[in-house]
Amino acid sequence: MNICRVIGTVVSTTKDEKLTGKKLLVVQPVDMITRAPDGKALVAIDTVHAGKGEIVMTVSGSSARQTKATQGVPVDATIIAIVDTIEIDGKVTYDKMKEGE
């Protein structure tokens with residue numbers, strides 16, 4: 057699993073029929089302490105109604121096809137959770153409720 061920030065969307069009118077109705081988001085892997093970009097951005101299927109700017113958890117590879125919404129769908133990355141908090145070694149490094157302050 058990876059921690060990412062939603063940074064954009066992808067719109068595709070012509071695609072495999074199994075992708076019809078699926079929301080495609082661009083996610084940027086981030087460092088779990090600083091939330092600075094940490095790797096190349098990628099496209100992921102959204103299964104949790106995430107929005108731009110949110111910190112999310114993603115899975116890739118065969119795990120990306122294990123959700124109810126992605127079984128049998130040709131995907132390599134799926135957003136499976138919207139993150140509320142991250143705690144590392146007893147220190148909260150991210151709190152969604154305080155992010156806007």
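All you need for the working numbering is the position in the sequence shown, starting with 1, plus 56.
Built from N, CA and C at the ideal position, the CB exists for glycine as well.
Fair warning: this is a prediction, and the values are worked out from it, not measured in the lab.
Legend entry - Per-residue burial, residue 66 [other beta carbons within 10 Å of its own, 16 or more giving buried]: Within the sequence shown, the letter at position 10 stands for residue 66. Exposed is the call here.
Legend entry - Cβ neighbours of residue 143 in the same chain (closer than 8 angstroms, five flanking residues each side left out): Counting from one through the sequence shown, the residue named residue 143 turns up at place 87. The residues are 149.
Legend entry - Cβ-Cβ separation, residue 152 to residue 139 (assumed contact under 8 angstroms), whole Å: Residue numbering aside, residue 139 sits at position 83 when the sequence shown is read from its first letter. Residue numbering aside, residue 152 sits at position 96 when the sequence shown is read from its first letter. Confirmed, about 7 angstroms.
Legend entry - residue 18 versus residue 134 - alpha carbon distance: Residue 18 is absent from the structure shown; the chain starts at 57 and stops at 157.
Inset, instruction - Between the Cα of residue 141 and those of 77, 75, 89, spot the shortest distance and give me the residue it belongs to. - result: Your numbering for residue 141 matches position 85 in the sequence shown. The residue from 77, 75, 89 with its alpha-carbon nearest to that of residue 141 is 89.
Inset, instruction - Can you grab the Cα-Cα spacing for the pair residue 70 / residue 78, in whole Å? - result: Looking up residue 70 in the sequence shown gives position 14. Looking up residue 78 in the sequence shown gives position 22. Straight-line spacing of the CA atoms in residue 70 and residue 78 works out to 12 angstroms.
Legend entry - Backbone CA spacing between residue 82 and residue 146 [nearest angstrom]: Stepping through the sequence shown from its first residue, residue 82 is reached at position 26. Stepping through the sequence shown from its first residue, residue 146 is reached at position 90. Whole-angstrom Cα-Cα distance: 31 angstroms.
Legend entry - Classification of residue 76 by the beta-carbon crowding that lies within 10 angstroms, buried from 16 upward: Numbered from 1 along the sequence shown, position 20 holds the residue referred to as residue 76. Residue 76 should be labelled exposed.
Legend entry - Sequence ranges, beta strand (DSSP E) only - wholly within the segment 73-137, length at least 3: As far as the segment 73-137 is concerned, its whole beta strand (DSSP E) runs of at least 3 residues are 79-85, 98-102, 111-116.
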